[in-house]
Amino acid sequence: MPMIPTRSGNTERNSFVYVVAALAALNGLLFGFDTGVIAGAMLYIKSSFELTALLGYPVSSSLVEGLIVSGAMGGAIVGSACGGRLADRLGRRRLILVGAVIFFVGSLAMAIAPNVEVLILARFVNGIGIGFAAVVGPLYISEIAPPTIRGSLVSLNQLAITSGILVAYLVNYAFSSGGAWRWMLGVGMAPAVVLFAGMLFMPESPRWLYERGREGDARNVLSRTRSESRVAEELREIRETIETESSSLGDLLQPWVRPMLVVGIGLAAFQQVTGINVVMYYAPVILESTGFADTASILATVGIGVVNVVMTVVAVLLIDRTGRRPLLLTGLVGMTVMLGVLGLAFFLPGLSGVVGWIATVGLMLYVAFFAIGLGPVFWLLISEIYPTQIRGTAMGAATVVNWAANLLVSLSFLGLVDAIGQAWTFWLFGGLCLAALAFSYTLVPETKGRSLEEIEEDLRDQAIAAGTHPERSTLADDDD
Ligand code: BGC
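Per the working numbering, the sequence shown runs over residues 2 to 481.
Have a look at this one:
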């Protein structure tokens, strides 16, 4: 049995680590803000620009609209594809600083864009910053957090994502009367400045420092965030783990890490194909179709944003006590049931009165179950389950899949509704949710309370037992 380390009694050290994690979690705020703001801004961008031409060529306005909305996701795919490797190479802290600068520049450029081409380019640049932030935020926090509170600290990132979405809904609401889309998009500069300024004073990840041969610096950082006895123990664990690893990129495809690559990539895809961003992006449209008026549906959307934040707080409080699996599995069961109910509500004729309300409550409960399970647990697990030397790159791979699936679902949702109707679209998401449940039940490991090195050791032991770890041949040779 692994030893579960006791909580450091030193409140000063604990509060320092909370400050570091809270600041780094602002990465999530940038991510969430962008997710929530564009739908609101788009309503007014349409009336500011001629959307029927690009670079002088006539095109359809829905293409231009699609490019404006999904430009950031394209950037995020590129950002997360390079973000993992850059985090391994430049260091976690430095990449957060670079990401904040890029996000700032992108937001400024969107706010002052003189034409639609610049706006699309600025959305793409902004997306690159989001891609960096999505990978490096959870990565940095997981490497700096003591094991007993790592779940809560990394999940602050998801809390920041949901808060960012809610802030964006409120910003949309506040600026909507004047149609001030430039202000809506420009507001993103503020958290980027806070993130940049704050991170200047934060330390680098001890694990990354150690790996770069900077043991003294690694020890200093650990001493600021751990009790003395834990520092020695954790440094020894880091040393042992790193000494047994090689460091080529090919490691990502080695058979012994494959099970975790499957878990990370599988959860990345399931987090999106079970429909969460359909609700985040299209909630007002869905609500209107249940019989709500314009303003009522915008207000109900704010309600969904609030439920998302509140239930994420519940997850942050529970995740280190109950563990990751119980939250993930409960959340998925709840999401599946709610998608079934939503499908039924849209299947029945005459979506008004009681049925409209059932649909609204169903949407809120669906979001609540996502927020206590698949939302935070995905980002947490991918920051925990990979060996140190490939952690950045492997998280990058999972994040790319997450953004690509996000893009796919958001682009195909309206077409899907046209083709099979709303009821069957929800049931399709429900079926995928059931598949996510089976996948998680059989493959996802519990990581609660263990150090990153213990998690890695378990993976190695299982691979040695299964004969997929290179050490197996050494052992076999020794036995001969
Ligand atoms: C997902 C986002 C989603 C958000 C909603 C995150 O975990 O990655 O795509 O918009 O949760 O809260």
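Even glycine gets a Cβ: it sits at the ideal position worked out from N, Cα and C.
Can you name, in chain order, every residue of its own chain whose Cβ lies under 8 Å from the Cβ of residue 374, other than the five neighbours on each side? Taken in chain order, the residues that qualify are 316, 328, 329, 330, 331, 332, 333, 335 and 336.
Boundaries of the alpha helix (DSSP H) in which residue 1 is found, first to last residue: Coverage of the chain is limited to positions 2 through 481, which leaves residue 1 absent and any answer about it impossible.
Which class does residue 139 belong to by DSSP, given the choice of helix, strand or coil? helix
Give the range of the alpha helix (DSSP H) segment to which residue 106 is assigned. 93 to 113
Evaluate residue 443 with the Cβ neighbour count: other Cβ atoms within 10 Å of its Cβ, from every protein chain shown; 16 or more gives buried, anything less gives exposed. exposed
Under 8 Å between C-beta atoms of residue 36 and residue 281: In this structure, residue 281 lies closer than 8 Å to residue 36 by Cβ.
Candidates 338, 385, 358 and 393: closest to residue 367 by CA position: Selected option, being the one with the closest Cα: 338.
Take residue 383 and list the residues in its own chain whose beta-carbon comes closer than 8 Å to its own, dropping the five residues that flank it on each side. 139, 265, 268, 269, 395, 396, 399 and 400
Closer than 7 Å to a non-hydrogen atom of the ligand BGC - does that hold for the CB of residue 396? no
Using CA coordinates, which residue listed in 102, 64 and 43 is at the minimum distance from residue 28? 102
I'd like to confirm the pairing. Which residues does DSSP put opposite residue 54 in its beta bridges? 59
Going by alpha carbons, who is nearest to residue 289 out of 322, 360 and 324? 360
Spatial neighbours of residue 220 within its chain, please: CB distance less than 7 Å, with the 5 preceding and 5 following residues excluded, ordered by chain position. 232 and 236
Out of 171, 408 and 60, which one is the CA nearest neighbour of residue 76? 408
With a threshold of 16 other CB atoms inside 10 Å of the CB of residue 170, please say whether the residue is buried or exposed. buried
Quick one: is the Cβ of residue 376 within less than 7 Å of any heavy atom of the ligand BGC? Indeed, a heavy atom of the ligand BGC lies less than 7 Å from the Cβ.
Which stretch, first to last residue, makes up the alpha helix (DSSP H) that contains residue 426? In this chain, the alpha helix (DSSP H) harbouring residue 426 covers 389 to 444.
Leaving out five residues on either side along the sequence, give the residues of the same chain with a beta carbon under 8 Å from the beta carbon of residue 94. 141, 200, 203, 204, 205 and 206
Going straight from the alpha carbon of residue 135 to that of residue 453, what length do you get? 20 Å
Between residue 379 and the ligand BGC, is there a pair consisting of the residue's CB and a ligand heavy atom that are separated by less than 7 Å? yes
Using 8 Å as the cut-off, can you tell me whether the stretch 409 to 429 makes contact with the stretch 98 to 117, which would need three or more C-beta pairs spanning the two stretches below that distance? Too few Cβ pairs lie closer than 8 Å, so no.
Going by the C-beta, is residue 312 closer than 7 Å to any heavy atom of the ligand BGC? no
Starting from the C-beta of residue 469, find all residues in its chain whose C-beta is less than 6 Å away, skip the five residues before and the five after it, and write them out in chain order. 256 and 257
Suppose you measure from the CA of residue 180 to the CA of residue 410; what does that come to, to the nearest Å? 28 Å
For residue 228, does the three-state DSSP call read helix, strand or coil? coil
Say yes only if the C-beta of residue 53 is nearer than 7 Å to one or more non-hydrogen atoms of the ligand BGC, and no if none qualify. no
Could you tell me how far apart the beta carbons of residue 166 and residue 33 are, in whole angstroms, since I believe they sit closer than 8 Å? 4 Å
On a CA-only basis, which of 417, 46 and 393 is nearest residue 176? Give me that one, please. 46
Local conformation of residue 1 per DSSP, three classes: Limits of the chain in this structure are 2 at one end and 481 at the other, which puts residue 1 out of reach.
Segment limits, alpha helix (DSSP H) that includes residue 166: Start and end: 151 to 177.
Cβ-based neighbour list, residue 23, same chain, cut-off 7 Å, excluding 5 preceding and 5 following: 157
Got a sec, what are the start and stop residues for the alpha helix (DSSP H) residue 377 sits in? 375 to 383
Cβ of residue 36 within 7 Å of any heavy atom in the ligand BGC? yes
Candidates 313, 211 and 72: which alpha carbon is nearest residue 126's? 72
Exposed or buried, residue 116, counting other C-beta atoms within 10 Å across all chains shown (16 or more means buried)? exposed
Report all residues from its chain with a CB closer than 6 Å to the CB of residue 193; omit the five preceding and five following residues, and keep chain order. 101, 104 and 105
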